[in-house]
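Enquirer: In case it helps, the working numbering puts the sequence shown at residues 236 to 543.
Quick reminder that beta carbons are idealized off the backbone N, C-alpha and C, glycines included.
Keep in mind it's a predicted model, so treat the numbers as computed, not measured.
The structure under discussion is supplied below as structure tokens; questions concerning it will follow.
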Amino acid sequence: MFNILKTTGLAVGLLVSASFAQAEELRIGTASLGGAFYPMGQSISNLVNKYAGEDISMVPVVTGGSVQNPRLVDSGEVEIAITNNNLAVLAVNGKGPYKSGPIDMSAVAALHPSVLHMIVPENSDIQTIEDLKGKRVAVGPAGGGTLGFMNFLLPLHDMSMDDIVPSFLSYSDGFSQLSDGNVDAAFALSGYPAGAVMQAAAGNKLRFISFSDGMLDKALEKNGAFKAVEIPADVYGTEESGTVIGVNNMLIAPNSLSPDVVEKIVASVFDHLEEFQAENANAKQIDPANSLSLAIPLHEGAARYFNK
236 MFNILKTTGL
246 AVGLLVSASF
256 AQAEELRIGT
266 ASLGGAFYPM
276 GQSISNLVNK
286 YAGEDISMVP
296 VVTGGSVQNP
306 RLVDSGEVEI
316 AITNNNLAVL
326 AVNGKGPYKS
336 GPIDMSAVAA
346 LHPSVLHMIV
356 PENSDIQTIE
366 DLKGKRVAVG
376 PAGGGTLGFM
386 NFLLPLHDMS
396 MDDIVPSFLS
406 YSDGFSQLSD
416 GNVDAAFALS
426 GYPAGAVMQA
436 AAGNKLRFIS
446 FSDGMLDKAL
456 EKNGAFKAVE
466 IPADVYGTEE
476 SGTVIGVNNM
486 LIAPNSLSPD
496 VVEKIVASVF
506 DHLEEFQAEN
516 ANAKQIDPAN
526 SLSLAIPLHE
536 GAARYFNK
């Protein structure tokens with residue numbers, strides 16, 4: 236009898252081990268610490284781990300951000316990631332930062348919008364983008380979405396990266412350097428409120444850099460994926476609200492990822508949207524209906540969910 240129990244126990248143990256071995260751990264590419272992508276990835280991971288079932292788990296991964304994430308999906312270093320509408324279109328068409336070739340990926344869901352925080356101390360002499368010439372600017376990490384916006388906006392103002400003194404820092408480090416006076420301005424492409432900006436605002440009075448007359452309209456006309464966003468003064472305790480440029484974000488995944496897995500991920504998040512929004516402030520800006528009008532096609536698994 237002991238031998239039978241021993242054998243049965245061993246068999247059960249092997250079955251349990253096999254079950255765990257078959258569990259699929261997914262990595263979600265986010266961005267640097269201090270922005271909105273990493274906590275967004277944390278919240279999504281928490282929901283997937285709670286509701287997707289024992290065969291799927293998810294962990295957030297710090298990355299260079301929205302520009303790098305499609306490349307990480309393409310290389311298999313992450314299975315799902317966050318990027319924005321504009322970059323997703325460039326990635327699937329092999330243009331812009333992705334000229335090495337089209338990336339075989341699709342959309343999973345619409346997320347919150349990201350806005351370009353262009354921040355200086357309240358007493359700074361920098362009022363507009365043109366005033367950045369010769370200034371020390373924290374532009375976010377190399378490979379992040381902030382740098383892409385800089386390369387879009389500066390030429391519109393007859394400027395380039397050579398006209399500023401850039402520091403390629405995480406958002407947390409960039410805004411810490413702003414607080415310490417080691418840079419003159421700090422930029423972050425993030426949902427709002429952004430943790431790095433909140434931390435800087437806790438001990439300093441801050442102000443948004445403004446667009447010169449007509450320049451925001453010029454930028455929006457040049458790229459229809461971008462939009463104007465008003466950030467209320469009470470978000471960061473600024474004297475006035477800030478009118479900034481922004482873009483909608485999305486989850487992306489390779490087309491090779493199982494439709495069943497993608498459907499479970501989407502259901503884990505959007506079947507529990509209130510819980511998501513209670514955990515993550517940026518999730519309150521998510522409209523599920525936007526997932527049906529994204530800039531690239533939905534993944535088969537996501538289409539199953541949103542077209543029900």
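Check whether the region 357–368 touches the region 437–454, counting contact only when three or more Cβ pairs, one atom from each stretch, lie closer than 8 Å.
Expert: They touch, by the three-pair rule.
Enquirer: From which residue to which residue does the alpha helix (DSSP H) around S278 run?
Expert: Position 43 of the sequence shown, counted from the start, is the residue given in the question as residue 278. From DSSP, the alpha helix (DSSP H) with S278 extends over F272 to Y286.
Enquirer: Residue range of the beta strand (DSSP E) that I466 falls in?
Expert: The count along the sequence shown starts at 1 and reaches residue 466 at position 231. Taken as a continuous stretch (DSSP letters only), the beta strand (DSSP E) holding I466 covers F461 to I466.
Enquirer: For T478, does the three-state DSSP call read helix, strand or coil?
Expert: Residue mapping note: residue 478 aligns to position 243 of the sequence shown, counting from 1. In the structure shown, T478 sits in a strand (DSSP, three-state: E or B).
Enquirer: Taking the beta strand (DSSP E) that V355 falls in, what are its first and last residues?
Expert: Position 120 of the sequence shown, counted from the start, is the residue given in the question as residue 355. From DSSP, the beta strand (DSSP E) with V355 extends over M340 to P356.
Enquirer: Exposed or buried, what is T499 when buried is set at 16 or more other beta-carbons lying within 10 Å of its beta-carbon?
Expert: On the sequence shown, position 264 is the one that residue 499 refers to. In the sequence as displayed, the identity of residue 499 is Lys instead of Thr. Label assigned to K499: buried.
Enquirer: Run through the DSSP bridge pairs and tell me what V400 is partnered with.
Expert: Within the sequence shown, residue 400 is the residue found at index 165, counting from 1. Partner(s): R371.
Enquirer: Whole angstroms is fine: what's the gap from V302's alpha carbon to K440's?
Expert: Taking the sequence shown and counting its residues from 1, the one referred to as residue 302 is at position 67. Taking the sequence shown and counting its residues from 1, the one referred to as residue 440 is at position 205. For V302 and K440, the distance between alpha carbons rounds to 31 Å.
Enquirer: Could you have a look at G378 and say whether DSSP puts it in helix, strand or coil?
Expert: Working through the sequence shown from its first residue, we reach residue 378 at position 143. In the structure shown, G378 sits in coil (DSSP, three-state: anything other than H, G, I, E or B).
Enquirer: On the CB-based measure, 16 or more other CB atoms within 10 Å of its CB, does N328 come out buried or exposed?
Expert: If you number the sequence shown from 1, residue 328 lands on position 93. Looking at its Cβ environment, which holds fewer than 16 other Cβ atoms inside 10 Å, N328 is exposed.
Enquirer: Would DSSP call P295 helix, strand or coil?
Expert: Here residue 295 corresponds to residue number 60 of the sequence shown, with the count starting at 1. Residue state, collapsed to three classes: strand.
Enquirer: Which residue wins for smallest C-alpha separation from G416, given the options I354, N321 and H392?
Expert: The sequence position of residue 416 within the sequence shown is 181, counting from 1. Minimum Cα distance to G416 is reached at I354.
Enquirer: Taking the alpha-carbon positions, what's the A437 to M394 distance?
Expert: For the purposes of this step, residue 437 is taken as residue 202 along the sequence shown, with counting starting at 1. For the purposes of this step, residue 394 is taken as residue 159 along the sequence shown, with counting starting at 1. Using only the alpha carbons, I get a separation of about 32 Å.
Enquirer: Going by DSSP, what residues sit across from I487 in a beta bridge?
Expert: Within the sequence shown, residue 487 is the residue found at index 252, counting from 1. Answer by DSSP bridge pairing, in chain order: A316 and A342.
Enquirer: Thinking just about the alpha-carbon of each residue, which of G409, E509, E357 and E510 is nearest to the one in S476?
Expert: Translated into the one-based positions of the sequence shown, residue 476 becomes position 241. If we check each option's Cα against that of S476, E357 comes out closest.
Enquirer: In chain order, what residues of the same chain lie with their CB nearer than 6 Å to the CB of N483, ignoring the 5 residues before and after it?
Expert: Working through the sequence shown from its first residue, we reach residue 483 at position 248. Excluding sequence neighbours, N483 sits near N320 and P348.
Enquirer: Just checking my contact of E259 with I279 at CB under 8 Å: how many whole Å lie between their CB atoms?
Expert: The count along the sequence shown starts at 1 and reaches residue 259 at position 24. The count along the sequence shown starts at 1 and reaches residue 279 at position 44. That belief does not hold up - the Cβ atoms of E259 and I279 are roughly 15 Å apart, past 8 Å.
Enquirer: Report the start-end ranges of each alpha helix (DSSP H) in the region 506–531 that is 4 residues or longer and not cut off at the edges.
Expert: Runs of the alpha helix (DSSP H) inside the region 506–531: 508–514.
Enquirer: Can you give me the C-alpha to C-alpha distance between P337 and F461, rounded to a whole angstrom?
Expert: To locate residue 337, count along the sequence shown from 1; it is residue 102. To locate residue 461, count along the sequence shown from 1; it is residue 226. Computed Cα separation, rounded: 22 Å.
Enquirer: So what's F443 in DSSP terms, helix, strand or just coil?
Expert: Position 208 of the sequence shown, counted from the first residue, corresponds to residue 443. In the structure shown, F443 sits in a strand (DSSP, three-state: E or B).
Enquirer: Only counting the same chain, and skipping five residues up and downstream in sequence, which positions put a Cβ closer than 6 Å to that of G331?
Expert: Looking up residue 331 in the sequence shown gives position 96. Counting only Cβ-Cβ distances below 6 Å, and skipping sequence neighbours, we find L325.
Enquirer: Quick one: give me the first and last residue of the alpha helix (DSSP H) that S407 is part of.
Expert: Taking the sequence shown and counting its residues from 1, the one referred to as residue 407 is at position 172. Run containing S407: Y406 to D415, per the alpha helix (DSSP H) assignment.
Enquirer: Assuming I521 and A323 are in contact, meaning their beta carbons sit under 8 Å apart, how far apart are those beta carbons, in whole angstroms?
Expert: Locating residue 521 in the sequence shown gives position 286, where the first residue counts as 1. Locating residue 323 in the sequence shown gives position 88, where the first residue counts as 1. Not quite, the Cβ-Cβ distance comes to about 16 Å (not below 8 Å), so this is no contact.
Enquirer: Does the separation of the CB atoms of H534 and V343 fall below 8 Å?
Expert: Counting from 1 along the sequence shown, the entry for residue 534 is found at position 299. Counting from 1 along the sequence shown, the entry for residue 343 is found at position 108. Yes.
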